[in-house]
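Novice: Attaching a single structure in C-alpha cells format; questions to follow.
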Amino acid sequence: LAQLTRTPRSATVAYMASEDKKKRGGDSEPRTKISTRRPFLYLFSVIILVIIVVTFIGAPLITQTAGTSRRLVFGSYRGEEIVYSPGNYFARQYQQIAARVRDQGQDSDLQTQLRQIWRQAFNQTLFHTAVMQKAEQSDLVVSESRVDREIAQHPQFQENGNFSAEAYRQTSSQERFSLRTYLREQAIQQRYIADKLQAMKTSPAEIEFVQGMGSPERRFRYVAFDYTDYPREEVLSFARQNRELFRRVDLSVITITGEEAEAERIREQIANRESTFEEMARAHSADQFGDTGGDMGRRYFYELEPDVEDTEQLEQVFELEQGALSPVIDARNGWVIYRVDQPTQPIDLDNADAVADVRSYLSTFERGRIEDYMADQAAAFREAATDSSFADAAADQELSVNQTGYFPINYGNLPIFGRVNSQDSDVLSRAAFRESFFVTAFGLDAEEVSDPVTLRNALVVLQLNDEREASEDSIAFLDTYYPFLVQQYQSEELQRTLLDPQYYEDNFARAFARIVRGSS
C-alpha cells in the first residue's frame, strides 16, 4: 500500500483520460446530438434524472449549481460543527444510506424519503462526533496497519474477492486520503464502543440469578371491578343530590386582564349600545373565545365555579334572563363580563349525554366515591368466594371470571420472562408495574382467594389456579439472550449519555431547508 501510494498522480490522470476517450469512441468520432423531435419525452427524461440525482446521488451537487455553498452546517457538538462536505464522514453516511434506500425501493414520497436519509446521516454523524471527542480525550488510537487492513478489505478495491492494486492506483490521492481518514475514525468508534460495552459484561453468577427469577410461574383466576362499571343508579343518585352543580347556561364572555375600571368601561359601552358584545370581545378579550365574539357555549355551574373568586356572583349570573349582562366579576385570571345567550336549564337526567357528563364529573372530582363503592363490592365478593367457591360467588353476583396466562414475578413486564396478561380483559395491563400486585399474587396458597388489589382504574380479586417451574428451554435461552439484552440496553444508555441535549445544537431543519431550496 505504501508503494501504491507513491504512484505518480500523472499516471492515474492519464489512465482516466484514456478510459474517458475509449468511452467517447476516440477524439475523431463526433458527439451525438440530442434529438429535439420529441421534446416532451426528452423533458420527462431530464425530470426523472434530476429526481434520481436529488434523491440518491446527493442534493449538495444541486445546491452547488444553485449558488449555495457545498459546506452545510447541520449543528454542533460541544462547540464542534457538524458539517457536510464532500468525502467527510457525514457525506459517506449519506451516500451509504441513500444506496440502501435505493436498493430497498421504498414507496414514500421523494421529499419525505430525502429528509429521512439526511436526518439519519446527521444523527449518525452527531453520535460519531461525540465518540471521537471522547476517544481523543482518552488518547484512543488505532494502528496504521489496522487502517491498511480496512483499506484492503474495502469493497471499492475488491475484484473477484481479492484486493485490486490497480483499482487502488486509479483512485485519486484526495479520495484515498479521505477514505483512509474515514476508515480510521470508523475503527476508533468501533473500538471505543467495544471497550465501553466490554467493561459492563454480565457475569455467569448474574445470569444464573436472572434465570432464577423466571421460576416459579403462576396462573390465576380473577374477577375485575372496573371503575367504569360504577352503576348508573349511583350516578343518578349523586346528580339528584347535587342538582345545583349541573345547572347549564349558554354564555358569552369577555376577559380583561387590566384594571377593573377598564372592564367597567367596556361593560358600560355594551350596555349603552355604543358597541356590540361581539365587537368588544374581538377587540379586548384576552381569552380563547375572543376570536368568536366571546361565544363560550353551554357551561355547567361546576365548570365555571373554579374561575371566579365569589361564588355568589356566579349564582347571580345563573339567575339572569336571556340577553342580560352580568356585573364585572372578579375572576382568577382577570375581570370577566358574561352575557346570557340562553337562560339556565336544570339537568335532564333522561338524557344519556347529561348522565355521561355527571359520570365524567365523578371520575374527575369525586373519584374516591367510585373507589370506595368498588372496594366494598370487591370485599363482598371475596368474602362470598371464600365461603363458597370462586365460580359460585361470581355467578351469584353476575361477574365474569377471567384467567391469566403463566407468568413469574416479572415486575415491569420485562421481555425475558412471561408477561402479566389476560386474553379476556385489559384490566391487568398496568398490574406488572405495581409491587402490591406481585406481593399479593405470589403470597397465595393453592385455591386461596386474595384480598382486593387496587390497580390503576380497577380492583381485582385473584385465586391461584396453578403453579409450575419454567421450562428448561426458556431458562437456557437466557444464557445468550440476557447478555445480548443487557448489551442493547447499555448501548442505548451510552447514546443517551453522549447525546444529552445540553451538549449539542441541532440545526437540521435550517440546513435541510437550504438543500430543498437549492434543488428547487
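Numbered per this note's numbering, the sequence shown finishes at 513, counting up by one with no gaps. Even glycine gets a Cβ: it sits at the ideal position worked out from N, Cα and C. On a predicted model such as this, the values are computed, not experimentally measured, just so you know.
1. What are the start and end residues of the beta strand (DSSP E) that includes Y331?
2. Does DSSP put S208 in a helix, a strand or coil?
3. So does the stretch 102 to 114 actually touch the stretch 151 to 165, counting three or more Cβ pairs closer than 8 Å?
4. Give every residue of the same chain whose Cβ lies closer than 7 Å to the Cβ of R30, excluding the five residues on either side of it in the sequence, and list them in chain order.
5. Who does D243 pair with in a DSSP beta bridge?
6. Mapping the DSSP letters down to three states, classify R139 as helix, strand or coil.
7. Does the pairing of the stretch 413 to 424 with the stretch 390 to 405 give three or more beta-carbon distances under 8 Å?
8. Give me the DSSP bridge partner(s) of D219.
9. Using C-beta distances below 8 Å, list every residue in its chain close to Y399, excluding the 5 sequence neighbours before and after it, in chain order.
10. Buried or exposed, going by whether 16 or more other CB atoms sit within 10 Å of the CB of V47?
11. Mapping the DSSP letters down to three states, classify Y77 as helix, strand or coil.
12. Mapping the DSSP letters down to three states, classify H121 as helix, strand or coil.
13. In the DSSP assignment, what residue or residues form a beta bridge with G68?
14. Decide if the stretch 431 to 448 is in contact with the stretch 166 to 186; the criterion is three or more beta carbon pairs, one per stretch, under 8 Å apart.
15. Beta carbon of E255, beta carbon of W328: below 9 Å?
16. Can you name the start and end residues of the beta strand (DSSP E) that D323 belongs to?
17. Here's the rule I'm using: 16 or more other beta-carbon atoms within 10 Å means buried, otherwise exposed. How should G72 be labelled?
18. Between the beta-carbon of I322 and the beta-carbon of Q338, is there less than 9 Å?
19. Can you look up S415 in the DSSP assignment and give me helix, strand or coil?
20. Among F294, A276 and Y295, which one has its Cα closest to the Cα of G286?
21. Kindly indicate which three-state DSSP category Q281 falls into: helix, strand or coil?
22. With DSSP as the reference, identify every bridge partner of E460, one or two as the case may be.
23. Would you check if the distance between the CB atom of Y77 and the CB atom of A506 is smaller than 9 Å?
24. Give a yes or no on whether the C-beta atoms belonging to F231 and V310 are separated by under 9 Å.
25. What is the DSSP secondary structure of I249, reduced to helix, strand or coil?
26. Please go through the same chain and pick out, in chain order, the residues whose beta-carbon is closer than 7 Å to the beta-carbon of D499, but skip the five residues on each side of it.
27. If the criterion is Cβ atoms closer than 9 Å, does the pair I200 and L437 meet it?
28. Hey, could you find the ends of the alpha helix (DSSP H) A469 is sitting in?
29. In the DSSP assignment, find the unbroken alpha helix (DSSP H) run with D444 in it and report its ends.
30. Exposed or buried, which one is F270 when buried takes at least 16 other CB atoms within 10 Å?
Specialist: Let me lay it out:
1. G327 to Q338
2. coil
3. no
4. Residue confidence is low: R30 scores 36 on pLDDT, short of 50, so the model does not pin down where it sits. Its coordinate-derived value is still stated next. Taken in chain order, the list of residues that qualify is empty.
5. R291 and Q335
6. helix
7. yes
8. A451
9. E210, R211, R212, G411, D459 and R461
10. Confidence at V47 is low in this model, with a pLDDT of 41, below 50, so its placement is unreliable and the value that follows should be read with caution. When all chains shown are included, V47 counts as buried.
11. strand
12. helix
13. I75 and D499
14. no
15. yes
16. I322 to A324
17. exposed
18. no
19. strand
20. A276
21. coil
22. R211
23. no
24. no
25. strand
26. G68
27. no
28. E465 to L491
29. Note, D444: premise wrong, no alpha helix (DSSP H); not H, not E.
30. buried
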